[in-house]
Amino acid sequence: MRHALKVHVALVTLFLYAPLVVLVVYSFSASRFALRMEGFTLEWYRRALSNPAVYKAVVTSFSVAFLSAALSTGLGTALALAIHSLRRAKVAGKALLAMGAFPLLAPEIVLGLGLLLFFSRFLRPSLLLWGLELGSFPSVVAGHVTLGIGYVMYTVRARLEHFDDAQLLAAHDLGASRPEAFWTVMFPQILPGIIAGACLSLAVSLDDFYVSYFVSVGGSGFQTLPLYFWNLQGRQALTPEINVVSTLLLGFSFLFVLSAFVLQKWLRAPGEVT
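All you need for my numbering is the position in the sequence shown, starting with 1, plus 263.
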């Protein structure tokens, strides 16, 4: 039974990661075609990193990712704290929990279409009445914030599940105000969850396609890396440059997700038992 379980785990791991390994290997191909492996070269890495279109897409992706992650972290943390404070009011707490979880459970293409309709039919016309315009960048950031809030909310809420509210009462008895008690007692203990949620929302933003595709203004030239890949579709003789950029994006996403898990496990608040 134990050997069968090991074989099962090995097969699942192979199924999940073999395509990614192939992608990385083919990014070093000396062939002129993305789907052929002929020799080894770093030339396509040089071309990709010196390509102005790739550079612009990278800058756009990371600008959107860091801004949306910052907003998602603040809003997701506030939502987790609200759910924690309303845990005795079961209806209100569950309603907030469902509100934060829905973007994670809904199909991303459905979420993208919903945001497109809301922005185009309601938000943009309302802003035009005030002489304001909602461009692609803020639209995509808002869409990615919608995706990221749930990840932050769940990671922070997981930390709050193990928080003893008696510590806040003790801080109040010692003369600390509510803000002082929060920043000195509660915040250090939920900080690992906040950082982990921020890293996850960064990875989600970098990988997102559907929301970015639907909410960006058509014809604006706005491109994140996933949109840049999409625009290459239909062209003949794709070069290994697309494998290179995919490998770099995969590496950054893996780094952010790994950082989230490491920080969640090893970053401890002062006095916390390890």
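No residue lacks a Cβ here, since even glycine has one placed at the ideal position from N, Cα and C. Quick caveat: nothing in here was measured; it's all calculated off a predicted structure.
Query	Result
Keeping to the same chain, check which residues put their C-beta closer than 8 Å to that of residue 292; ignore five residues upstream and five downstream.	299, 300, 301, 302, 303, 304, 307, 503 and 506
Between the Cα of residue 417 and those of 366, 392 and 518, spot the shortest distance and give me the residue it belongs to.	366
Relative to the alpha-carbon of residue 409, which residue among 334, 341, 358 and 437 has its alpha-carbon at the smallest distance?	334
Grouping DSSP H, G and I as helix and E and B as strand, with all else coil, what is residue 245?	Within the shown structure, residues of the chain are numbered from 264 to 537, placing residue 245 beyond reach of any answer.
Return the residue from the list 316, 268 and 295 that minimises the CA-CA distance to residue 492.	316
Pair every Cβ in the stretch 462-471 with every Cβ in the stretch 513-521, then say whether three or more of these pairs are closer than 8 Å.	yes
How long is the line joining the alpha carbons of residue 338 and residue 294, rounded to whole angstroms?	47 Å
Taking the alpha-carbon positions, what's the residue 379 to residue 461 distance?	25 Å
Give a yes or no on contact between the stretch 424-432 and the stretch 441-450, applying the rule of three or more CB pairs nearer than 8 Å.	yes
Assign residue 512 to one of two classes, buried (16 or more other C-beta atoms within 10 Å of its C-beta) or exposed (fewer than that).	buried
Could you pull the start and end residues of the alpha helix (DSSP H) that residue 324 belongs to?	315-348
Among 438, 414, 412 and 450, whose alpha-carbon lies nearest the alpha-carbon of residue 427?	450
Where do the ends of the alpha helix (DSSP H) carrying residue 385 lie?	Here residue 385 belongs to no alpha helix (DSSP H), and DSSP marks it neither H nor E.
With distance defined between alpha-carbon atoms, name the residue in 275, 509, 276 and 473 nearest to residue 403.	473
Can you tell me which of 456, 515 and 411 puts its alpha carbon nearest to the alpha carbon of residue 424?	456
With a threshold of 7 Å, establish whether the CB of residue 332 neighbours any heavy atom of the ligand GDP.	The model on display carries no ligand, and the ligand GDP is accordingly not part of it.
Residue 425 by DSSP, collapsed to three states: which one?	coil
Got a sec? Which residues, its chain only, sit under 7 Å from residue 346 by beta carbon, not counting five neighbours each side?	356, 359, 360 and 420
Taking the alpha helix (DSSP H) that residue 276 belongs to, which residues open and close that run?	265-289
Do you know offhand how far residue 411's Cα is from residue 441's?	28 Å
Should residue 373 and residue 487 be called a contact, given that it needs their Cβ atoms to be closer than 8 Å?	no
Cα separation between residue 465 and residue 320?	16 Å
Where does the unbroken alpha helix (DSSP H) through residue 441 begin, and where does it stop?	441-444
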